[in-house]
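To keep things clear, I will list the structure first and then write my remarks on it.
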Amino acid sequence: MSELRIAVAVVTMGNRPAEVDALLESVAKQDVAPDRIVVVGNGCPLPEFAERLALPGEFTPIELDENLGCPGGRNAALERLCAFGDVDVVVELDDDGLLVDADVLRRVRDLYAADDRLGIVGFRIADEHGETQQRHVPRIGKSDPLRGGYVTGFLGGGHALRTAMLARTGNWPAEFFFAHEETDLAWRAADAGWRILYAPELLLQHPKTSPARHAIYYRVNARNRVWLTRRRLPLPLIPVHLGIWMLLTLARTRSLGGLRAWFGGFLEGLRESAGERRPMRWRTVWQLSRLGRPPVI
Numbered sequence: 001m002s003e004l005r006i007a008v009a010v011v012t013m014g015n016r017p018a019e020v021d022a023l024l025e026s027v028a029k030q031d032v033a034p035d036r037i038v039v040v041g042n043g044c045p046l047p048e049f050a051e052r053l054a055l056p057g058e059f060t061p062i063e064l065d066e067n068l069g070c071p072g073g074r075n076a077a078l079e080r081l082c083a084f085g086d087v088d089v090v091v092e093l094d095d096d097g098l099l100v101d102a103d104v105l106r107r108v109r110d111l112y113a114a115d116d117r118l119g120i121v122g123f124r125i126a127d128e129h130g131e132t133q134q135r136h137v138p139r140i141g142k143s144d145p146l147r148g149g150y151v152t153g154f155l156g157g158g159h160a161l162r163t164a165m166l167a168r169t170g171n172w173p174a175e176f177f178f179a180h181e182e183t184d185l186a187w188r189a190a191d192a193g194w195r196i197l198y199a200p201e202l203l204l205q206h207p208k209t210s211p212a213r214h215a216i217y218y219r220v221n222a223r224n225r226v227w228l229t230r231r232r233l234p235l236p237l238i239p240v241h242l243g244i245w246m247l248l249t250l251a252r253t254r255s256l257g258g259l260r261a262w263f264g265g266f267l268e269g270l271r272e273s274a275g276e277r278r279p280m281r282w283r284t285v286w287q288l289s290r291l292g293r294p295p296v297i
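For reference, each letter of the sequence shown is one residue, going 1 to 297 in the UniProt record's numbering.
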């Protein structure tokens, strides 16, 4: 069997030129070169990366007229790569991340070659001191970030997607713009019979951040959670999921302004269309629960 063909996709808003250069240089140093590299300017122009950095493989820049958000920008890369028709796995990386090790793409290729039902591989995210924030570990509770295995979700900052899976599940939910798009895709993948693997040996170095740094965080986080449940959960689980997260939000949020924005987004999610409703099967609910995260948490 021929070796799997790998592409790397990066989406940037043009505000991190030095970080994007460093990321692409780390991609160029991989001991298995990607077959294609796509960089998306999400509402911004792009510099001439290929000429300056001597990138391996076929390089494709894409400049979007407007910022389509994280999932919309990633969809632009995926659509172009799928149109080429010669890529089996797409590695998507945050524009301020860095591949510290030179064998990441080789390890990704080997993982997919060993399991033909492997749909998504999640990387470990750690800062320059090697610390992984607990919210970046795809398990409930204080789980060891170095413990790999099959899980129910993955991190948007560093991951790989099998294109054959995307042909079944569809791409990212562009209307989400930011927040919970990974869960939407993970639930679709699990429901279609694909496995999600957390592989901590695949390291993406990334600055320590808080999701609340985004001005739209509270509103969009709540709106998208409502949309997520309306799109993907069986009807009896929707109020359970939303009730649990309402209580968690009340317990965790110390900002009155943040709470107002969250409840405004919650109502927005109820009022506006959530898009196509395709709830997961009860068998998938049981499968996710056995993996340690029932889809109400």
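Virtual Cβ for every residue (Gly too), placed ideally from N, Cα, C.
All of these numbers come straight from a predicted model, not from anything done at the bench.
Closest Cα partner of residue i within the set the options
i    : options               : result
A222 : L64, L237, I244, E19  : I244
L270 : L228, L247, V285      : L228
A50  : L197, K29, P61        : P61
R198 : L111, M165, G85       : Note that residue 198 is Tyr in the sequence shown here, rather than Arg. Minimum Cα distance to Y198 is reached at L111.
V38  : T152, C82, W286       : C82
A192 : G43, T284, G141       : T284
L98  : W194, G157, R252, L64 : G157
R290 : T152, V27, V90, E66   : T152
P138 : I125, P173, F59, W172 : I125
G43  : L250, P279, L64, H136 : L64
R36  : R231, E25, V90, C70   : V90
CA-to-CA distance, residue j to residue i, given in whole angstroms
i    : j    : result
L185 : L202 : 20 Å
G149 : E268 : 36 Å
R117 : G275 : 28 Å
S255 : A190 : 35 Å
R155 : Q134 : In the sequence as displayed, the identity of residue 155 is Leu instead of Arg. When rounded, the distance between both Cα atoms is 12 Å.
M1   : R147 : Its pLDDT being 48, under 50, M1 is placed unreliably by the model, and nothing is read from it.
R225 : F84  : 34 Å
R219 : E3   : 44 Å
V296 : G258 : 23 Å
H180 : Y217 : 11 Å
R5   : I196 : 19 Å
P294 : P47  : 44 Å
R109 : H159 : 12 Å
L250 : P17  : 38 Å
L288 : E128 : 32 Å
L235 : G41  : 39 Å
A28  : G72  : 26 Å
N67  : T183 : 21 Å
Cross-strand partners of residue i (DSSP beta bridge)
i    : result
I196 : I120
L93  : V10, G158
Q134 : Partner(s): none; Q134 has no beta bridge.
F59  : I37
L203 : R124
Y150 : L197
L98  : Q205
The ligand PLP heavy atom lying under 7 Å from the CB of residue i
i    : result
V220 : Ligands are entirely absent from the displayed structure, and the ligand PLP is therefore not among its contents.
- request: Could you tell me whether the segment 19–32 touches the segment 42–59, where touching means 3 or more Cβ pairs closer than 8 Å?
  value: In short, these stretches touch, since the Cβ pair count reaches three.
field: Continuous alpha helix (DSSP H) assignments of at least 4 residues falling wholly in the segment 222–252
entry: Runs of the alpha helix (DSSP H) lying entirely within the segment 222–252, each at least 4 residues long, are 237–252 in chain order.
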